[in-house]
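S.K.: Residue numbers (the working numbering): 5 to 234. I have a structure I would like to understand better, so I am pasting it below and will then ask my questions one at a time.
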């Protein structure tokens with residue numbers, strides 16, 4: 005997890021008449037991490053577009069007992085026409101706490117509001133597909149005019165037994181690391197799942213981040229996880 009939190013965002017772009025909800029439990033064994041994260045996701049299409057949200061929670065980071073970070077995103081795609089393009093609007097935000105010995109504190113993840121367009125493609129059998137998004141990004145108290153580019157993908161293999169999915173974000177946001185200032189952030193979280201049946205999966209996620217949260221430069225953080233799809 006970082007300042008913006010571990011985001012297990014798997015927007016698996018399914019057929020418009022399909023909905024999906026799942027709960028995930030990950031153990032993060034990246035350097036200096038060693039904590040659990042839970043994720044709840046929902047994707048639901050309708051005749052005017054689709055709604056997606058997820059809630060992430062980190063547990064027992066540092067000396068904190070209980071929830072260390074809580075973060076959520078909710079996004080809506082509006083589509084009143086035929087074709088691959090849709091309008092996109094989104095909110096991101098969260099809060100957390102830290103503790104190290106007798107010292108402790110709390111912090112917020114700045115509210116962010118995103119608006120833009122997205123393009124989606126799916127194979128005829130929905131075995132693979134992707135979504136590309138280009139958005140204006142307003143980060144409250146930080147940037148009135150920033151941007152974010154997002155790619156989301158999924159690939160189902162071996163008759164659905166193996167799923168490769170994930171997302172990649174690139175956005176403009178200033179961070180200070182001592183006296184060094186960075187202006188751009190990259191975050192990608194590819195996931196690989198083995199699906200024992202339509203409900204239960206085991207797999208892994210690798211978070212690849214650059215200038216994300218409290219870490220300057222490139223950092224790679226793997227997890228092992230379990231997922232239950234309703």
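Each residue gets a CB set at the ideal place from its N, CA and C atoms; glycine is no exception.
If you draw a straight line from the C-alpha of residue 136 to the C-alpha of residue 209, how long is it?
M.R.: Their backbone Cα atoms lie some 21 Å apart in a straight line.
S.K.: Using the rule of at least 16 other Cβ atoms within 10 Å of the residue's Cβ for burial, across every protein chain shown, is residue 149 buried or exposed?
M.R.: It counts as exposed.
S.K.: Which residue spans inside the stretch 153 to 201 form an unbroken beta strand (DSSP E) run of at least 3?
M.R.: The stretch 153 to 201 contains these whole beta strand (DSSP E) runs: 166 to 181, 184 to 192 and 195 to 199.
S.K.: Assess contact between the stretch 95 to 110 and the stretch 123 to 133, defined as three or more Cβ pairs (one per stretch) separated by less than 8 Å. Is contact present?
M.R.: As far as the Cβ criterion goes, the stretch 95 to 110 does not touch the stretch 123 to 133, which means the pair count is below three.
S.K.: Thinking just about the alpha-carbon of each residue, which of 225, 231, 81 and 193 is nearest to the one in residue 33?
M.R.: The shortest Cα separation from residue 33 among 225, 231, 81 and 193 belongs to 225.
S.K.: Express the C-alpha separation of residue 170 and residue 15 in angstroms, rounding to a whole number.
M.R.: The predicted position of residue 15 is uncertain, since its pLDDT is 36 and thus under 50; a value taken from the coordinates is nonetheless stated next. The alpha-carbon atoms of residue 15 and residue 170 are separated by roughly 8 Å.
S.K.: Just tell me which of 119, 216, 120 and 183 has its CA closest to the CA of residue 193.
M.R.: It is 216.
S.K.: Beta-carbon within less than 6 Å of residue 168's beta-carbon, same chain only, minus the 5 sequence neighbours each way: which residues are those?
M.R.: Closer than 6 Å at Cβ, skipping near neighbours: 159 and 196.
S.K.: Counting only runs of 3+ residues fully inside the stretch 51 to 111, write out the beta strand (DSSP E) ranges in chain order.
M.R.: Counting only runs of 3 or more, we get 53 to 63, 71 to 82 and 89 to 104.
S.K.: Taking C-beta to C-beta, are residue 173 and residue 191 nearer than 8 Å?
M.R.: Yes, Cβ-Cβ distance for residue 173 and residue 191 is below 8 Å.
S.K.: Looking only at its chain, what residues have a beta carbon closer than 7 Å to the beta carbon of residue 143, apart from the 5 residues adjacent to it on each side?
M.R.: Excluding residues within five positions, the ones whose Cβ falls inside 7 Å are 114, 116, 150 and 177.
S.K.: Classify residue 110 as buried or exposed, calling it buried when 16 or more other Cβ atoms lie within 10 Å of its own Cβ.
M.R.: Exposed.
S.K.: Using only CA atoms, which one of 228, 164, 133 and 222 lies nearest to residue 202?
M.R.: It is 164.
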